[in-house]
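In the numbering used here, the protein residues as written are 1 to 217.
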């Protein structure tokens with residue numbers, strides 16, 4: 001790829017990209033492990049679990065009581081939303097892109113319940129042409145299935161789409177699907193990965209706007 005795209009679709013991860021939800025998710029996971037597993041689990045260990053949806057993780061870790069764990073987790077997650085906020089510039093960017101009729105999509109490893117809860121709370125759903133959760137594909141990120149589903153449904157070629165996300169799962173899914181990738185670092189800065197011409201880094205609103213513009217040059 002030479003870095004130039006006709007921006008026909010812009011895809012976003014949700015947690016840690018559109019919204020700073022990762023600390024809340026981490027806290028709720030830690031509470032579940034304390035309550036049901038009598039186990040203290042580190043932030044890093046929680047993040048290492050991310051990939052499959054919540055119900056799959058709880059089935060794997062808590063066996064037959066996973067449904068009770070999931071319900072308690074959802075209660076914790078719901079109650080924590082009054083502590084969350086969306087960056088005003090992120091919301092403004094979504095409004096601008098939507099007004100320009102650029103198709104927007106979310107590809108997240110969250111399940112439908114938690115995805116809908118968060119998007120509805122912040123009144124974001126109407127900005128997106130498609131919302132793909134872990135339950136909408138056979139293989140969530142780092143596999144490319146969610147991205148491929150968006151591209152096929154919107155009839156967009158991989159070279160004309162960009163994914164914005166904050167994790168290695170996002171980067172790998174973008175790589176496997178052949179679309180451009182921007183690493184989002186405005187909520188939680190992370191160590192930079194080895195340089196790769198297929199992706200760029202955005203630490204702030206200016207970085208993201210400049211990076212999007214650079215793809216179009």
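Every residue, glycine too, gets a C-beta built ideally from N, C-alpha and C.
Worksheet item: Nearest to residue 131 by alpha carbon, out of 138, 119, 142?
Response: Comparing Cα-Cα distances from residue 131 to each of 138, 119, 142, the minimum goes to 119.
Worksheet item: Is the beta carbon of residue 36 sitting closer than 7 Å to the one on residue 81?
Response: Going by C-beta atoms, residue 36 is not nearer than 7 Å to residue 81.
Worksheet item: Along the chain, which unbroken stretches of the beta strand (DSSP E) at least 3 residues long are found entirely within the region 125-199?
Response: Those beta strand (DSSP E) runs which fall completely within the region 125-199 and span 3+ residues are 130-132, 161-165, 180-184.
Practice prompt. Assign residue 45 to one of three DSSP states: helix, strand, or coil.
Written response: Looking at residue 45 - three-state DSSP - the assignment turns out to be helix.
Item to complete: Please determine, among 129, 174, 141, the residue with the shortest C-alpha to C-alpha distance to residue 257.
Response: Residue 257 is absent from the model: the chain starts at 1 and stops at 217.
Worksheet item: When the Cα atoms are used, what is the spatial distance from residue 203 to residue 105?
Response: Rounded to whole angstroms, residue 203 to residue 105 spans 21 Å at the Cα level.
Fill in: Every unbroken alpha helix (DSSP H) within the region 54-98, with a cutoff of 4 residues, ordered by chain
Listed in chain order, they are 54-62, 66-79.
Practice prompt. Sort 211, 51, 59 by Cα distance to residue 138 and report the nearest one.
Written response: When only C-alpha atoms are compared, the closest one is 51.
Practice prompt. Quick one: residues in its chain with C-beta nearer than 6 Å to the C-beta of residue 103, no 5 flanking neighbours on either side, listed in chain order?
Written response: Excluding sequence neighbours, residue 103 sits near 9, 129, 154.
Discussion item. Going by beta-carbon coordinates alone, are residue 187 and residue 63 separated by less than 7 Å?
Written reply: In this structure, residue 63 does not lie closer than 7 Å to residue 187 by Cβ.
Worksheet item: What's the C-alpha gap between residue 185 and residue 166?
Response: Taking the straight line from one Cα to the other gives about 6 Å.
Worksheet item: What does DSSP give as the partner residues of residue 201 in its beta bridges?
Response: Paired residues: 183.
Fill in: Exposure of residue 44, with buried meaning 16 or more beta-carbon neighbours within 10 Å
So residue 44 ends up on the exposed side.
Fill in: Any 3 or more C-beta pairs closer than 8 Å across the region 166-182 and the region 72-90
No: fewer than three Cβ pairs fall under 8 Å.
Worksheet item: CB residue 261 to CB residue 162, shorter than 7 Å?
Response: Nothing in the structure corresponds to residue 261, since the chain is present only between 1 and 217.
Fill in: residue 200 to residue 209 span [Cα, whole Å]
If you draw a straight line from the Cα of residue 200 to the Cα of residue 209, it comes to about 12 Å.
Worksheet item: In this structure, does DSSP put residue 101 in helix, strand or coil?
Response: In the structure shown, residue 101 sits in coil (DSSP, three-state: anything other than H, G, I, E or B).
Fill in: Straight-line gap, residue 1 to residue 171 (C-alpha atoms, nearest Å)
Any reading at residue 1 must be qualified, since the residue scores a pLDDT of 48, below 50, and its modelled position is unreliable; the value itself is stated next. In a straight line, the C-alpha of residue 1 is about 16 Å away from that of residue 171.
Discussion item. My output table needs one value for residue 11: the three-state DSSP class, helix, strand or coil.
Written reply: Three-state DSSP puts residue 11 in a strand.
Fill in: For residue 1, the three-state DSSP class (helix, strand or coil)
Residue confidence is low: residue 1 scores 48 on pLDDT, short of 50, so the model does not pin down where it sits. Its coordinate-derived value is still stated next. Taken through DSSP and simplified to helix, strand or coil, residue 1 comes out as coil.
Worksheet item: Below 7 Å between beta carbons: does that hold for residue 173 and residue 144?
Response: It is a contact, given that the beta carbons lie within the stated cut-off.
Worksheet item: Which first and last residues belong to the alpha helix (DSSP H) in which residue 29 is found?
Response: Segment 22-37, the alpha helix (DSSP H) holding residue 29.
Item to complete: Below 8 Å on the Cβ atoms is my guess for residue 216 versus residue 7; work out the distance and round it to an integer in Å.
Response: Indeed, because the Cβ distance is near 6 Å, the residues count as touching under 8 Å.
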